[in-house]
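The structure appears below as structure tokens.
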Amino acid sequence: SEVQDQPGQHGETLPLLKIQKLAGHGGGLENHLTPGGTAPAWTIRADEFIRANATNKLAVIAEQIQHLQEQARKVLEDAHRDADLHHVACNMVKKPGNIYYLYKRESGQQYFSIISPKEWGTSCPHDFLGAYKLQHDLSWTPYEDIEKQDAKIGMMDKLLSQSVALPPCTEPNFQGLTH
1 SEVQDQPGQH GETLPLLKIQ KLAGHGGGLE NHLTPGGTAP AWTIRADEFI
51 RANATNKLAV IAEQIQHLQE QARKVLEDAH RDADLHHVAC NMVKKPGNIY
101 YLYKRESGQQ YFSIISPKEW GTSCPHDFLG AYKLQHDLSW TPYEDIEKQD
151 AKIGMMDKLL SQSVALPPCT EPNFQGLTH
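Residue 1 is where the sequence shown starts when you use the UniProt record's numbering, and the numbers rise one by one after that.
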């Protein structure tokens, strides 16, 4: 039985063992080893750069994953809020594009009204909880976010109304995406 070489047995570094393994499998690196069987400094330095490059790319992907997780969490929170608001008592037909005011009775029951607290004045009969705009996709936008959401929807409508939203290209570029 033949004894196999073990890492570090002959003083090789781990990158050298990888190089030698590649060289033994047609990697074409056998001509780059010095006569003593060690890798030249540029090869080891290249390994360091490759590792750093891969690490940086993985860090970007990890950040993107974290961002996507945050977006998913927000989508779920918004969906839960929207479902709750659709189950709130309302004595009228809700129409997309309108703002509805959420109140709470002493009994704890919540209800929607089209009358704002400002319109009620000092005679507001119940606790005001918030105002929401019913969007055309039947989602709810909190009052403080309506202007921002309307601007976002307007921008998307503008892009969709153009004959070509983005110029066709076969290679990635950032033309037209920056200010």
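The C-beta atom is built at its ideal place from N, Cα and C for all residues, glycine as well.
**Request:** Write down every uninterrupted run of the beta strand (DSSP E) in the region 52-123 whose length is 3 residues or greater and which is fully enclosed by it, in chain order.
**Result:** 99-104, 110-113
**Item:** Under the three-state DSSP convention, the category residue 160 falls into
**Value:** helix
**Assigned secondary structure, residue 137 (DSSP; H/G/I helix, E/B strand, else coil)** = coil
**Asked** Between the Cα of residue 111 and the Cα atoms of 125, 118, 121, 76, which residue gives the shortest distance?
**Response** 125
**Message:** Going by beta-carbon coordinates alone, are residue 138 and residue 96 separated by less than 8 Å?
**Reply:** yes
**Asked** In chain order, what residues of the same chain lie with their CB nearer than 6 Å to the CB of residue 99, ignoring the 5 residues before and after it?
**Response** 131, 133
**Asked** Which word fits residue 107, buried or exposed, when buried means at least 16 other C-beta atoms lie within 10 angstroms of its C-beta?
**Response** exposed
**Request:** Report the rounded CA-to-CA distance for residue 59 versus residue 41, giving the unit in angstroms.
**Result:** 27 Å
**Beta-carbon proximity list for residue 120, same chain, < 6 Å, skipping 5 on both sides** = none
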